[in-house]
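Each remark here refers to the structure printed beneath this line.
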Amino acid sequence: MTATESPFSERGGPIQVFYAPLDAPRRPMISHAEGIYMWDTAGKRYLDATSGPVVSNIGHGNKKVLAAMAEQAGKVCYASRALFENEANIALAERVAGLAGPGFERVFVVSGGSEATEAAIKLARQYAVAKGEAGRWKVLARNPGYHGATLGAAAVTGDPETDAVFEPVMRIMPRVPAPFGYRTPGNIDADTHARDCAQALETAILEEGPDSVLAFIMEPVGGLATGALVAPDHYYTAVREICSRHGVLLIFDEVMSGAGRTGRFLAAEHWPDARPDMVTLAKGVAAGYTPLGMVLASREMVQTVVDAGGFMHGHTYSANPLSCAIGDAVLREVMENDLIGNAARKGALLGERLQALAAQSGIVGDVRGLGLLRAIEIVADKTTKTPFPPSRKTIARIVQIGLEKGLLLYSRSTAGGRYGEWLMITPPLTLTEPQLDEMMALLTEVLSAFEAEARG
Numbered sequence: 005m006t007a008t009e010s011p012f013s014e015r016g017g018p019i020q021v022f023y024a025p026l027d028a029p030r031r032p033m034i035s036h037a038e039g040i041y042m043w044d045t046a047g048k049r050y051l052d053a054t055s056g057p058v059v060s061n062i063g064h065g066n067k068k069v070l071a072a073m074a075e076q077a078g079k080v081c082y083a084s085r086a087l088f089e090n091e092a093n094i095a096l097a098e099r100v101a102g103l104a105g106p107g108f109e110r111v112f113v114v115s116g117g118s119e120a121t122e123a124a125i126k127l128a129r130q131y132a133v134a135k136g137e138a139g140r141w142k143v144l145a146r147n148p149g150y151h152g153a154t155l156g157a158a159a160v161t162g163d164p165e166t167d168a169v170f171e172p173v174m175r176i177m178p179r180v181p182a183p184f185g186y187r188t189p190g191n192i193d194a195d196t197h198a199r200d201c202a203q204a205l206e207t208a209i210l211e212e213g214p215d216s217v218l219a220f221i222m223e224p225v226g227g228l229a230t231g232a233l234v235a236p237d238h239y240y241t242a243v244r245e246i247c248s249r250h251g252v253l254l255i256f257d258e259v260m261s262g263a264g265r266t267g268r269f270l271a272a273e274h275w276p277d278a279r280p281d282m283v284t285l286a287k288g289v290a291a292g293y294t295p296l297g298m299v300l301a302s303r304e305m306v307q308t309v310v311d312a313g314g315f316m317h318g319h320t321y322s323a324n325p326l327s328c329a330i331g332d333a334v335l336r337e338v339m340e341n342d343l344i345g346n347a348a349r350k351g352a353l354l355g356e357r358l359q360a361l362a363a364q365s366g367i368v369g370d371v372r373g374l375g376l377l378r379a380i381e382i383v384a385d386k387t388t389k390t391p392f393p394p395s396r397k398t399i400a401r402i403v404q405i406g407l408e409k410g411l412l413l414y415s416r417s418t419a420g421g422r423y424g425e426w427l428m429i430t431p432p433l434t435l436t437e438p439q440l441d442e443m444m445a446l447l448t449e450v451l452s453a454f455e456a457e458a459r460g
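So in the working numbering the end of the sequence shown lands on 460, straight run, no missing numbers.
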C-alpha cells in the first residue's frame, strides 16, 4: 500500500499530522529533485517557483556540494565547539565575512533562522550590558513581520494570531507599522506612509524610553509576512539615522533576502547609507543541503562581549564541521557561477514579466520585490484593492491548483488576511530564461484557472 493510499498510521506518520486533520488529502510523496524541478513517487514533475520555500538557492543535486558533503563526512561530521576548532567553520566564517564586508568581521554559526534571531538578540543584549547599558532590553519590530518560530523570535514577530496563542509564555515586544506601499492608511501615497512609519519608530523609542530600547529588527526586503515588501529608499536612511541617534542597534533579518537572492550578497547593500549593526542569515546560505544559519556582527561588538566574560549562548550543533563544509561549498558555487549576478539579471526580467502578467490579469493587484525575491498580491477587485472573502480560502486554492498543474507556489494569509494575500515568486538563483518562460506560462495558467473558478 502506498503512502498516498494508506491512512495515517496510529503511530508515527509524516510531520503533516501536526498540521492537518487525519482525513485531509495527502500531499505528494517526494521522490527526487534536480535543479529547479522535483518529482513525486507517481512520476509527476513540478517546477519549483518557491525555492522550497526560499531555501534551495542553487537548486537540487549540485554535484560539487554533494562531493564536499561526502568529503567532510569522511573526515568528521561533528566535533564540539567546547573542545575543538574546525577548519570548515573557519573557512565558512572567512568567506561570509569577506562577502559581507566591513563591520561584519565575526560570524556566529547556528542551525537556522530562528536560532539566528535568538543569537542576535542575546548578543545585542550582552553587548549593551558589557558597555554599562543594562537598562536596554526592548527589541522593537514591525507589524506585520516575521523573525522565527521559537519563543524569543516570536516575541519580535508581528503576527496577532501568534501573539494570541503564545502571549502567556513569551514577552511580546513593542511593534511599529510596516511601510506597505500598496494599501496605505487613508490612501496616502507610499512615500508619505513610509515617512510616517519611520516617524512611528522614533515615537515608539521615545515612548518606551530611549535608554530601555536595545534594538530594532526588520527585514530589508520583506519575506512571507509582508510579501517581498520594499520600502522607498528614504525609509532605510531614516531608520538608520533614528537608531543611531538613540543608540539603538539596527538588526537586518536577511534569512530570506540574504545570500544573493536580491542581486547582492546582502540586501543591505542596496542601501549603503543605512548599513545595519547586525545581520542574520539562513536559508540560502546552505541552500537546503543542511540546516544552517548565522549572525554577522562587528569585531568590536564581539570583542566587547568576550572581554566581559564571553558569549552566554550556544547550541550543541553550533558551527558543526559537516554543516559548515556544506555551507562553504554552497557559497563557493554561488560565487563561481555568478549566481548573484544572475539573480539581479533574471530578477529584473522576472519583475517585468510579473508586471505584464498583472496588466493582463483581473486578480493580480500588485507586484513587488527585488531580484529573485518577488511577490504578487491577489485581489478580487483591482480598482478597490478588495481581497477575496476569507471563506473562499483564495491563496490555499491557488496553491492547490498549482500542485495540480505542476507548479510549486508559496503563500500565507498573514494575520488572517487583514494585510492582504500574496504569492511569493522566488525561484532558484540558477534560473535560466527558458525556465523563466516555463514558470510564467504555468503561473498564468494557474491564475487564469482560479479566476475562472472564482468568477464562475
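From the three backbone atoms N, C-alpha and C, an ideal C-beta is built for every residue, glycine too. Here the structure is a predicted model, which is why all the values come from computation and not from measurement.
Per the C-alpha coordinates, the member of Ser261, Thr436 and Pro391 positioned closest to Ser417 is Pro391.
Of all C-beta pairs linking the segment 128-139 to the segment 157-168, fewer than three are shorter than 8 Å, placing the two stretches out of contact. Less than 7 Å separates the beta-carbon of Ala290 from that of Ile330. Scanning the segment 284-367 for uninterrupted alpha helix (DSSP H) segments of 4 residues or longer gives 303-311, 325-340 and 343-364, listed from N- to C-terminal end.
C-alpha of Ala362 to C-alpha of Ala77: approximately 47 Å in a straight line. Boundaries for Lys48: no alpha helix (DSSP H) harbours it, and the DSSP string shows neither H nor E there. Ala46 sits away from Leu144, with the two beta carbons spaced by 7 Å or more. For the options Pro214, Thr430 and Val259, the alpha carbon positioned closest to that of Val114 is the one of Val259. The alpha helix (DSSP H) runs lying completely inside the segment 49-111 and spanning 4 residues or more are 55-58, 67-79 and 91-104, given in chain order. Around the beta carbon of Thr387, fewer than 16 other beta carbons lie within 10 angstroms, which makes this residue exposed.
Leaving aside the five residues that flank Ala194 on each side, the residues in its chain whose CB is nearer than 7 Å to its CB run, in chain order, Gly185, Thr188 and Pro236.
Check the Cα spacing between Glu171 and each of Ala182, Ala445, Pro181 and Ala157: the tightest is with Ala157. For Gly39, DSSP records a beta bridge to His64. The beta carbons of Leu300 and Val111 sit closer together than 7 Å.
Where Lys142 is concerned, the enclosing beta strand (DSSP E) starts and stops at Lys142 to Asn147. Under the three-state reduction of DSSP, Ser248 is assigned to helix. As the crow flies, the alpha-carbon of Leu447 is around 10 Å from that of Ile405. According to the DSSP assignment, Val217 belongs to the beta strand (DSSP E) that extends over Val217 to Met222.
Where Asp441 is concerned, the enclosing alpha helix (DSSP H) starts and stops at Glu437 to Arg459.
Here Pro431 is not near Ala104, since their CB atoms are 7 Å or more apart. Going by DSSP, Pro236 is part of no alpha helix (DSSP H) at all; its letter is neither H nor E.
At least 7 Å separates the beta-carbon of Lys48 from that of His317. For Tyr321, the closest of Ala86, Ala198, Val234 and Thr284 by C-alpha to C-alpha distance is Ala86. A Cβ-Cβ separation of about 5 Å places Ser302 in contact with Gly107 under the 8 Å criterion. Annotated three-state conformation of Glu381 is strand, per DSSP. For Phe256, the enclosing beta strand (DSSP E) starts and ends at Leu253 to Asp257. Here DSSP, grouped into helix, strand and coil, assigns Pro431 to coil. Thr154 carries a coil assignment under DSSP once its states are collapsed to helix, strand and coil. In the assembly as shown, Met33 is an exposed residue. Its beta-carbon has fewer than 16 other beta-carbons within 10 Å.
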